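A.B. asks: Questions regarding the structure given below will be posed in turn.
There are 2 protein chains.
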Amino acid sequence: VARLLLIGAGLIGASFALAARRAGLFASIVAYDVDAAVADRALRVGAVDEIAPAIATATQTADAVLIAVPPSQIVPSVVAVVQARADRDAVLFDVGSVKAPVLSGLTAALGRLPARFVPCHPMAGAAVAGPEGADPALFEGRTVFLTPTSATDRAAIAQVGDYWSGCGARVRIVEAELHDRAVAATSHLPHLVAAAFAARFASDEGRALLDFAGPGFRDFTRIAGSDPALWRDILTANGDGVVAELDGLLRRLTALRDELASTAVAAELESTLREGRRARQAFSVGGGDEPGGRG
Amino acid sequence: VARLLLIGAGLIGASFALAARRAGLFASIVAYDVDAAVADRALRVGAVDEIAPAIATATQTADAVLIAVPPSQIVPSVVAVVQARADRDAVLFDVGSVKAPVLSGLTAALGRLPARFVPCHPMAGAAVAGPEGADPALFEGRTVFLTPTSATDRAAIAQVGDYWSGCGARVRIVEAELHDRAVAATSHLPHLVAAAFAARFASDEGRALLDFAGPGFRDFTRIAGSDPALWRDILTANGDGVVAELDGLLRRLTALRDELASTAVAAELESTLREGRRARQAFSVGGGDEPGGRG
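Residue numbers (our numbering), protein chains in the order written: chain A, 14 to 308; chain B, 14 to 308.
Now the structure itself:
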């Protein structure tokens, strides 16, 4: 007779609710969203059973609380839950893309990390934001990173891991700092670069050039279509990691720029193209997609 | 009883041969490749009818000559054809990704532009290089840019345009300088950036981070899997245009870097993310694919 409280009924939260429902993980699911219309829509698409008017009351009867809100709202939401139910033992988990700032923010706000809060990051998303885009299969075959600390309750980690496995995901436990550095390199920097690249085509002069764009442009800029408010939040939260990776990229691009602007033999260019292809092929082995093309 | 001489029997040349054969554009197709094994393989996959041992002799009997070689080899190839058959009126066309340097290179080498040489750039490619990847449908629905000058013979332009239309492509005539600037922005810069980005993951330390890479990484780096030798050639040939676009991107990225490294409100970041999405959506309308995702 477990009961889930879902705080934040957008794409990720509503998808978890649908997947959990299909897997029979909870007897009932109640949703709270700061935007009442979003909670209503999650109810209408059948992701949740009822709507909670406030966190404080709903949390009293919940056995598990999923905090599926933008990065900047995670710490205040966890604090609100913890303060409303200091004596009960529900498990708490989130879905934020950046983990270390959540841990330090909670320690600063509460004086300690709540033992039964399990930090999570599911590597999943979809083109349509909001509960309308919710998909019970969103986490199937995808990795969910858990970044507990030594203060995190072992039973809570196992419980939350079982939730994600029940949704079809692969669970991996890593340190929060390693996680944040890794996603800065593999996910956050590409989002920043794709946006900065695509922004050049927002002017009338730039838009005229889109007639010359092909499939290479399409794939390279796909992530520039992501939600700007969410990504401002993510990039700001992981600012140090993103800046460190960006500095490396700026160094490599500047060296290539100077070589292209000179009459030098394109040695740096050729070795970068070869290294880039080698790394891409190493990824493809795991990723199972086809590389290359002239675009 | 038209006869096509194909110089360069790789992916693009062999695909044109297959498409032309299917459309019945030529009575026979003969191939020359500086690498005899490549010409052999084009013969084996059924793209061509015979192999020419040398350009000079094969060009005497050809009504059309397609020069499908890497950018740095286009001018020498056209010069070889023109010098071997000064008095005959075959049409010549190429498939290089950069056009203005071909025009200036030919003018420098021959003292004039050959009137029946029609510069072309088909916006098509595939993951598998060489004649094995050849596909008669490669140009269907794709744009082929023609960049003739005032010195180019009108009948030759019409003839070559008909060839590409026969292969299912849309033909667009543009100025070479505009073409080169536009593809520097939409195609060549993304290839350079994707390679420089992916090269960071070629080390052992970098490769370990690929466990954290998802679909956003996959799409952003797809073009980093392209042929390094071909792309060194393309990027070097269009060096000025690529450097101009790269300078703009470096400026935008440096401004974002400084904002992320400071405690400033992320105003530049948010407006870049919004502009990037707006431009991406403008492209999507034409491109017909789905944007976004959290990746």
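Backbone N, C-alpha and C define an ideal beta-carbon position, used for all residues, glycine too.
Please read all numbers here as calculations on a predicted model, not as lab measurements.
1. Which residues in the same chain as residue 154 of chain A place their Cβ atom closer than 8 Å to its Cβ, once the five residues preceding and following it in sequence are excluded?
2. Kindly list, in the order they appear in chain A, the residues whose Cβ is closer than 8 Å to that of residue 249 of chain B.
3. Helix, strand or coil, according to DSSP, for residue 214 of chain A in the structure here?
4. Which residues of chain B have a Cβ atom closer than 8 Å to the Cβ of residue 270 of chain A, listed in chain order?
5. With a threshold of 16 other CB atoms inside 10 Å of the CB of residue 108 of chain A, please say whether the residue is buried or exposed.
6. Is residue 152 of chain B helix, strand or coil by DSSP?
7. Using 8 Å as the threshold, is the segment 162-176 of chain A in touch with the segment 197-217 of chain A, meaning 3 or more CB pairs across them?
8. Mind checking which residues open and close the alpha helix (DSSP H) that includes residue 171 of chain B?
9. Can you grab the Cα-Cα spacing for the pair residue 162 of chain A / residue 185 of chain A, in whole Å?
10. Tell me, which residues are paired with residue 107 of chain A by DSSP?
11. Taking beta-carbon pairs under 9 Å, can you tell me which members of the segment 21-52 of chain B lie near chain A?
12. Just verifying my parser: in three-state terms, what is the DSSP assignment at residue 262 of chain B?
13. Report yes or no: do three or more beta-carbon pairs, one from the segment 14-23 of chain B and one from the segment 35-47 of chain B, lie closer than 8 Å?
14. Which residue spans inside the segment 266-299 of chain A form an unbroken beta strand (DSSP E) run of at least 3?
15. To the nearest angstrom, how far is the alpha carbon of residue 248 of chain B from that of residue 260 of chain B?
16. Rounded to a whole number of angstroms, what is the C-alpha to C-alpha distance between residue 85 of chain A and residue 151 of chain A?
17. Mind the definition here: the segment 272-286 of chain A touches the segment 212-230 of chain A only if three or more C-beta pairs lie below 8 Å; say whether that holds.
18. Classify residue 70 of chain B: buried if its beta carbon has 16 or more other beta carbons within 10 angstroms, exposed otherwise.
19. Between the C-alpha atoms of residue 89 of chain A and residue 215 of chain B, what's the straight-line distance to the nearest angstrom?
20. Taking 8 Å as the threshold (beta carbon to beta carbon), is residue 60 of chain A in contact with chain B?
21. With distances taken from CA atoms, which of B:83, B:262, B:258, B:78 is nearest residue 101 of chain B?
22. Drop a sphere of 10 angstroms on the beta-carbon of residue 290 of chain B, count the other beta-carbons inside from all chains shown, and report buried for 16 or more, exposed for fewer.
23. Throw me the rounded Cβ distance for the residue 219 of chain A and residue 143 of chain A pair, which I believe falls under 8 Å.
24. Could you check how far apart the C-beta atoms of residue 285 of chain B and residue 212 of chain A are, in whole angstroms? I think they sit under 8 Å.
25. Got a sec? Which residues, its chain only, sit under 7 Å from residue 74 of chain A by beta carbon, not counting five neighbours each side?
26. Where in the segment 113-138 of chain A do unbroken runs of the alpha helix (DSSP H), each at least 4 residues long, occur, reported from the N-terminal end onward?
27. Closest to residue 48 of chain B by CA distance: which of B:281, B:192, B:67, B:251 is it?
28. If you measure between the beta carbons of residue 145 of chain B and residue 58 of chain B, is that distance less than 8 Å?
29. Are the C-beta of residue 195 of chain A and some C-beta of chain B separated by less than 8 Å?
30. Can you grab the Cα-Cα spacing for the pair residue 246 of chain B / residue 134 of chain A, in whole Å?
31. Which residues does DSSP list as the beta-bridge partners of residue 41 of chain A?
32. With C-beta atoms as the reference, is residue 250 of chain A less than 8 Å away from residue 114 of chain A?
33. In this structure, does DSSP put residue 157 of chain A in helix, strand or coil?
34. Is residue 181 of chain B close to chain A? Criterion is C-beta to C-beta, closer than 8 Å.
35. Consider the Cβ of residue 106 of chain A: report whether some Cβ of chain B lies at a distance smaller than 8 Å.
36. Strictly under 8 Å for the Cβ-Cβ distance: is residue 294 of chain A near chain B by that measure?
C.D. replies: According to the structure data:
1. Here the question's residue 154 of chain A lines up with position 141 in the first sequence. Same-chain partners within the cutoff: 181, 182, 183.
2. In the second sequence, residue 249 of chain B corresponds to position 236, counting from 1. By Cβ distance, chain A contributes 273, 279, 282.
3. Here residue 214 of chain A is taken as the residue at index 201 of the first sequence, counted from 1. Note: residue 214 of chain A maps to coil in three-state DSSP.
4. Here residue 270 of chain A refers to the residue found at position 257 when the first sequence is read from its first residue. Neighbours of residue 270 of chain A on chain B, chain order: 256, 259, 260, 263.
5. Within the first sequence, numbered from 1, the residue matching residue 108 of chain A stands at position 95. Residue 108 of chain A should be labelled buried.
6. Numbered from 1 along the second sequence, position 139 holds the residue referred to as residue 152 of chain B. Of the three classes helix, strand and coil, the one that applies to residue 152 of chain B here is coil, per DSSP.
7. no
8. Counting from 1 along the second sequence, the entry for residue 171 of chain B is found at position 158. Run containing residue 171 of chain B: 167-179, per the alpha helix (DSSP H) assignment.
9. Translated into the one-based positions of the first sequence, residue 162 of chain A becomes position 149. Translated into the one-based positions of the first sequence, residue 185 of chain A becomes position 172. Distance between the alpha carbons of residue 162 of chain A and residue 185 of chain A is about 14 Å.
10. For this step, residue 107 of chain A is matched to residue 94 along the first sequence. A:80.
11. 24, 25
12. As a position in the second sequence, residue 262 of chain B is number 249, starting the count at 1. In the structure shown, residue 262 of chain B sits in a helix (DSSP, three-state: H, G or I).
13. With a cut-off of 8 Å, the segment 35-47 of chain B and the segment 14-23 of chain B count as touching, because enough Cβ pairs lie within range.
14. none
15. As a working mapping, residue 248 of chain B is identified with position 235 in the second sequence. As a working mapping, residue 260 of chain B is identified with position 247 in the second sequence. So the two alpha carbons sit approximately 15 Å from each other.
16. In the first sequence, counting from the first residue as 1, residue 85 of chain A sits at position 72. In the first sequence, counting from the first residue as 1, residue 151 of chain A sits at position 138. The straight-line gap from Cα to Cα measures roughly 23 Å.
17. no
18. What you label residue 70 of chain B is simply residue 57 of the second sequence in a count that begins at 1. By the neighbour-count rule (16 or more Cβ atoms within 10 Å), residue 70 of chain B is not buried but exposed.
19. The residue you call residue 89 of chain A lines up with position 76 of the first sequence. The residue you call residue 215 of chain B lines up with position 202 of the second sequence. C-alpha separation (whole angstroms): 40 Å.
20. Position 47 of the first sequence, counting from 1, holds the residue named residue 60 of chain A. Output row for residue 60 of chain A: interface = no.
21. The sequence position of residue 101 of chain B within the second sequence is 88, counting from 1. The shortest C-alpha to C-alpha distance from residue 101 of chain B to any of B:83, B:262, B:258, B:78 is the one to B:78.
22. As a working note, residue 290 of chain B is residue 277 in the second sequence. Result: buried.
23. What you label residue 219 of chain A is simply residue 206 of the first sequence in a count that begins at 1. What you label residue 143 of chain A is simply residue 130 of the first sequence in a count that begins at 1. Residue 219 of chain A to residue 143 of chain A, Cβ: 29 Å. No contact.
24. What you label residue 285 of chain B is simply residue 272 of the second sequence in a count that begins at 1. What you label residue 212 of chain A is simply residue 199 of the first sequence in a count that begins at 1. Sure, about 5 Å apart at Cβ, within 8 Å.
25. Here residue 74 of chain A refers to the residue found at position 61 when the first sequence is read from its first residue. The beta carbon of residue 74 of chain A sits closer than 7 Å to those of 16, all from its chain and outside the five residues before and after it, given in chain order.
26. 113-123
27. For the purposes of this step, residue 48 of chain B is identified with residue 35 of the second sequence, where counting begins at 1. The option with the nearest alpha carbon to residue 48 of chain B is B:67.
28. The residue labelled residue 145 of chain B in the question sits at position 132 within the second sequence. The residue labelled residue 58 of chain B in the question sits at position 45 within the second sequence. Yes, Cβ-Cβ distance for residue 145 of chain B and residue 58 of chain B is below 8 Å.
29. By one-based count along the first sequence, residue 195 of chain A stands at place 182. Interface residue, yes.
30. Counted from its first residue, the second sequence places residue 246 of chain B at position 233. Counted from its first residue, the first sequence places residue 134 of chain A at position 121. Answer to the nearest angstrom: the Cα atoms are 42 Å apart.
31. Working through the first sequence from its first residue, we reach residue 41 of chain A at position 28. Per DSSP, A:16.
32. In the first sequence, residue 250 of chain A corresponds to position 237, counting from 1. In the first sequence, residue 114 of chain A corresponds to position 101, counting from 1. Yes; because the gap between Cβ atoms is below 8 Å, this pair is in contact.
33. The sequence position of residue 157 of chain A within the first sequence is 144, counting from 1. Here residue 157 of chain A sits in strand by DSSP.
34. Working through the second sequence from its first residue, we reach residue 181 of chain B at position 168. Not closer than 8 Å to any Cβ of chain A, the Cβ of residue 181 of chain B fails to qualify, so no.
35. In the first sequence, counting from the first residue as 1, residue 106 of chain A sits at position 93. So no, residue 106 of chain A is outside the interface.
36. Residue numbering aside, residue 294 of chain A sits at position 281 when the first sequence is read from its first letter. Yes, residue 294 of chain A counts as interfacial toward chain B.
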